[in-house]
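What follows is one structure encoded as structure tokens, with my remarks underneath.
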Amino acid sequence: MKIYHSLEEIESNQPMVIALGNFDGIHLGHREIIERAVRKASELGLESGIFTFANHPRNVIMNEEFTKNIIYFEEKASILRQLGVDHLFNITFDETIMEMTPETFVRELLWKRLHMKYGFCGFNYRFGSKALGDTEVLQRVGAEVGFEIEVVPPVMIDGQVVSSTLIRNVISEGQVDQCLKYMGRPYSINGEVVVGNKIGQTIGFPTSNLIIDETMVSPANGVYITLCTYHGVTYPSITNVGNKPTIGKYEKNVETHIFGFDKELYGKSIHVEFLVKTRDEIKFDSVEALADQIKRDCLAAKAYFSK
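Going letter by letter, the sequence shown gives residues 131 to 437 in our numbering.
This is the structure we're talking about:
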């Protein structure tokens, strides 16, 4: 899969089937759009492409970091590659694109620059200045210049439209077990292990600490049963997200205790998948009381994995 980070990098003038959208979570609704585009490209003997933005348009329009990312770019690219996408147009949403009229967006960008021959988008796709462009505009102008657009209806699960907003909400509320249902995979984070206060080591539960990335959506404070992957090997683990109120005042972070693991991980990268939340973060009267609760948390996690 070839990745483009600017419009100027695009050199091909071959017609292409393109899926349009933010695709900021690659949830099951997004996958439906992407998989249809890849299939259509195969049917037509064309290559497939994804046109998306490296940053969330809402953050540029509102001039603030309001909408958090659900997955990292590397993870998004990996998933798209696995789905068979040939080209990923991961373009920065800037004032030039923001101020394009809907017709200019379709004619100059999608048609002349990307050579879109057939396109797919979600039912609520918006584009152009003040988000005035919608699926009807896209289909009308597309018919005028010579491409077709297929609008994909929403994917419904348990009576709810699967959307990035829904997924951000369940993560921020700690309902991480719902992510598998809506995304087809667990919610996860990556990061480099940093030096913590080493309290966990002194009470028999050494942890690998990750700093919260403020650009990413993060789970509610609490204790979670997790899986931790290091160097391609996945280990059962338990993770606390929060401010460590029993110990003192700390910024929100993630600390993972990996079962049956004794290697030094400072400066190493790990991948943590969140399976289910077991309890809220609590301030205990003593470090000893905290240690007793961690023992119970570990027993609960091991029982979960034994099933």
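Note that the Cβ used here is the ideal one computed from N, Cα and C, for glycine as well.
- Excluding the 5 residues flanking it on each side, V291 has same chain C-beta neighbours closer than 7 Å at P284, in chain order.
- Between the alpha carbons of S436 and I412 lies a distance of about 26 Å.
- N185 places its beta carbon 8 Å or farther from that of F203.
- Cα atoms of K260 and E229: separation of roughly 8 Å, rounded to the nearest angstrom.
- C-alpha of A149 to C-alpha of V306: approximately 28 Å in a straight line.
- Relative to A207, the option among K198, L218, N199, T197 whose CA is nearest is L218.
- DSSP places N299 in the helix class (H, G or I) of the three-state scheme.
- Straight across, the Cα-Cα distance linking N320 with M246 is about 34 Å.
- Sequence-distant Cβ neighbours of L310 in its own chain, meaning closer than 8 Å and more than five residues away, are P316.
- For the 8 Å CB-CB criterion, V282 and E177 do not form a contact.
- Spanning the alpha carbons of A419 and R426 requires a straight line of approximately 11 Å.
- Less than 8 Å divides the Cβ of G155 from the Cβ of I200.
- Annotation: the continuous beta strand (DSSP E) that includes G372 extends over 363-372.
- Here DSSP, grouped into helix, strand and coil, assigns L357 to strand.
- Spanning the alpha carbons of V323 and D392 requires a straight line of approximately 14 Å.
- For the options F196, E173, H135, the alpha carbon positioned closest to that of I180 is the one of H135.
- Here K432 is exposed. Its C-beta has fewer than 16 other C-beta atoms within 10 Å.
- A distance below 8 Å separates the beta carbons of I279 and C251.
- Linking T234 to G304 through their CA atoms gives a straight-line distance of about 42 Å.
- Taking C-beta atoms as the reference points, R256 and L137 fail to come closer than 8 Å.
- Secondary structure of A149 (DSSP, three-state): strand.
- Where Y396 is concerned, there is no enclosing beta strand (DSSP E), because DSSP gives it neither an H nor an E.
- In the DSSP assignment, I388 falls within the beta strand (DSSP E) that extends over 383-388.
- Counting the other CB atoms within 10 Å of its CB gives V275 a total below 16, which places it among the exposed residues.
- Contact between T356 and V402 holds: CB atoms are separated by about 5 Å, below the 8 Å threshold.
- In the DSSP annotation of this structure, the continuous segment of the alpha helix (DSSP H) that includes T265 starts and ends at 265-275.
- For K198, the CB contacts under 7 Å within the same chain, skipping 5 residues up- and downstream, are R298, T345, M346, V347 in chain order.
- In the structure shown, T182 falls within a strand segment according to DSSP collapsed to helix, strand and coil.
- Cβ-Cβ separation between G249 and G272: approximately 7 Å, consistent with a contact (criterion under 8 Å).
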